[in-house]
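This report concerns only the one structure given below.
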């Protein structure tokens, strides 16, 4: 199963909170240009696994490899440099900032000039480049018209677009989406599906999602978590018919 | 009528200095959620640096920027080597709240002790670089002098530069984002720790400007256990709270409001009630409008 060309691979990831074992020996692998889904019933540990990869939670055990190289579990502040960008379940836009500013936050790693010259305003060219990058990503998610609105005036589906734009502007090689379709209507979900499919020409995508329609239409491979353990993994349409997965989702596995 | 007019003029000038101190407090609060009581010590120490430069060069115009840089440097130093490790080591949220308060109070003592050690009971002097004689219009003298005009100009220049920095540069953007949520900012690639140090540096510069101007505008004398600087800290803090602790505009409005209020107490009531009236207005604001004059009612996410 183990492939050295994997973009990201996680092995033996275990985390417990107090006495509760949230994740146990979880493994996960992402190939270049692949869409991988992480699914499972509520409380299965999907977001915890996301948080471990993002450095928000420190794992008790487990290894992480990026592009075949062993890697310490990253600090949150290093993610952007490692080529990983993530959206949050609660969207997490900055309400006081405009849409454009929200996206520019994600582009900070491209800011080349030092802090001193930024302070003295000698970086107007740099500033303009950040703006241009951010605008073109906003166009890509059809939100360019919203650029100068404050983030807290947006409709919910629009905040999701902007959150994705903020992740995309960092030009990640791995994009992690936490419930991208949550709370969206059918039309927006359709749009989100096609966006995700289009993204694979530039990056790999790791998704946590409840909507099985979305999962089945965008994911190449799936990992199914139940009670913190991977109970099935493989090609999406195979995993879907796995009796253990069906049992977990219907609840008989829990009994 | 003339007295009323002059009272307001005096209030605006001294209020503008409180605004600078309030901005210093707001900047630190926004970037690290810490009330920095050592701000008075930083302002005092950097004013002493200004005094040293002034005695060597004879120029206020060299002394002021050097004092600002010294204030910025010292403030960044304290954040980097003192507060950051302290906050990293503090265990839970309640420790995160009270540790920095005790720590900055302690720092204030340390800074004053070091200054006393160096200067003993010798006082520094920063005399006004331009005349502080009031202008005469017709038969009346109005409470505005070249020195006061200078103070207003310096404050306006500094406040607009800081505002510009906040609104138009990527540092400012990162400062605004990380003050709302450091976690999300980190996730989005902002170097939050570096940005915090920058916030402290700008704050240190604003505080030392307040110190320099206050000294030149007041007695002109600078002493290691200056009461004037403790008052400046208290007034700056009250102004910051009046303005809602979150916004630069609020800090400026808070400073001017407080300045005018104090000036009225001074001119119409009694000079001995100035200190207590500053606290009265603080209590009043906290009671009637705890979010400050332009603060928002919604709770912020720390």
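Chains as they are written, first to last, in the working numbering: chain A, 323 to 577; chain B, 41 to 342.
Each residue gets a CB set at the ideal place from its N, CA and C atoms; glycine is no exception.
All of these numbers come straight from a predicted model, not from anything done at the bench.
Straight-line CA distance for residue i to residue j?
i                     : j                     : result
residue 543 (chain A) : residue 116 (chain B) : 49 Å
residue 127 (chain B) : residue 152 (chain B) : 23 Å
residue 103 (chain B) : residue 233 (chain B) : 30 Å
residue 404 (chain A) : residue 518 (chain A) : 21 Å
residue 129 (chain B) : residue 210 (chain B) : 30 Å
residue 568 (chain A) : residue 562 (chain A) : 7 Å
residue 396 (chain A) : residue 107 (chain B) : 40 Å
residue 547 (chain A) : residue 334 (chain A) : 14 Å
residue 125 (chain B) : residue 174 (chain B) : 50 Å
residue 285 (chain B) : residue 172 (chain B) : 33 Å
residue 293 (chain B) : residue 321 (chain B) : 14 Å
residue 302 (chain B) : residue 212 (chain B) : 33 Å
residue 85 (chain B)  : residue 288 (chain B) : 24 Å
residue 575 (chain A) : residue 348 (chain A) : For residue 575 (chain A), the predicted structure reports a pLDDT of 43, less than 50, and the residue's modelled location is therefore unreliable. The matter cannot be settled from this model.
residue 96 (chain B)  : residue 72 (chain B)  : 37 Å
residue 475 (chain A) : residue 502 (chain A) : 20 Å
residue 339 (chain A) : residue 159 (chain B) : 55 Å
residue 157 (chain B) : residue 121 (chain B) : 22 Å
residue 377 (chain A) : residue 262 (chain B) : 49 Å
residue 316 (chain B) : residue 270 (chain B) : 14 Å
residue 400 (chain A) : residue 45 (chain B)  : 57 Å
residue 493 (chain A) : residue 225 (chain B) : 17 Å
residue 331 (chain A) : residue 351 (chain A) : 4 Å
residue 512 (chain A) : residue 541 (chain A) : 14 Å
residue 388 (chain A) : residue 425 (chain A) : 26 Å
residue 299 (chain B) : residue 181 (chain B) : 20 Å
Would you kindly report the start and end of the unbroken alpha helix (DSSP H) that includes residue i?
i                     : result
residue 44 (chain B)  : 42-72
residue 520 (chain A) : 508-521
residue 318 (chain B) : 314-328
residue 188 (chain B) : 186-208
residue 589 (chain A) : Lying outside 323 to 577, the shown extent of chain A, residue 589 (chain A) is not represented and no answer is given.
residue 424 (chain A) : 421-428
residue 531 (chain A) : Taken as a continuous stretch (DSSP letters only), residue 531 (chain A) belongs to no alpha helix (DSSP H), as it is neither H nor E.
residue 227 (chain B) : 222-227
Kindly indicate if chain A contains any beta-carbon less than 7 Å away from that of residue i.
i                     : result
residue 228 (chain B) : yes
residue 267 (chain B) : no
residue 110 (chain B) : no
residue 196 (chain B) : no
residue 220 (chain B) : yes
residue 343 (chain B) : Outside the modelled stretch of chain B, which goes from 41 to 342, sits residue 343 (chain B), for which no answer is possible.
residue 224 (chain B) : yes
residue 217 (chain B) : yes
residue 200 (chain B) : no
residue 210 (chain B) : yes
Using a 10 Å radius around the Cβ and a threshold of 16 neighbouring Cβ atoms, would you call residue i buried or exposed?
i                     : result
residue 79 (chain B)  : buried
residue 220 (chain B) : buried
residue 313 (chain B) : exposed
residue 275 (chain B) : buried
residue 88 (chain B)  : buried
residue 308 (chain B) : exposed
residue 119 (chain B) : buried
residue 164 (chain B) : buried
residue 391 (chain A) : exposed
residue 222 (chain B) : buried
residue 450 (chain A) : exposed
residue 423 (chain A) : buried
residue 480 (chain A) : buried
residue 254 (chain B) : buried
residue 482 (chain A) : buried
residue 565 (chain A) : exposed
For my contact list, residue i and residue j are in at a C-beta cut-off of 8 Å; report their separation, rounded to the angstrom.
i                     : j                     : result
residue 521 (chain A) : residue 497 (chain A) : 7 Å
residue 471 (chain A) : residue 420 (chain A) : 6 Å
residue 166 (chain B) : residue 90 (chain B)  : 6 Å
residue 463 (chain A) : residue 499 (chain A) : About 13 Å; that fails the 8 Å criterion.
residue 66 (chain B)  : residue 280 (chain B) : 5 Å
residue 554 (chain A) : residue 538 (chain A) : Not confirmed; about 15 Å, so no contact.
Just to confirm the assignment, what range does the beta strand (DSSP E) spanning residue i have?
i                     : result
residue 348 (chain A) : 342-352
residue 545 (chain A) : 543-548
residue 129 (chain B) : Not the beta strand (DSSP E): residue 129 (chain B) falls in the alpha helix (DSSP H), residues 124-129.
residue 407 (chain A) : 406-408
residue 555 (chain A) : 551-557
residue 393 (chain A) : 391-393
When the cut-off is 7 Å and only beta carbons count, does residue i lie next to chain B?
i                     : result
residue 492 (chain A) : yes
residue 334 (chain A) : no
residue 430 (chain A) : yes
residue 409 (chain A) : no
residue 481 (chain A) : no
Review point. Name the residues in the region 412-426 of chain A whose C-beta lies less than 7 Å from a C-beta of chain D; which are they?
Key: As a matter of chain content, chain D is missing from the structure shown, whose protein chains are A and B.
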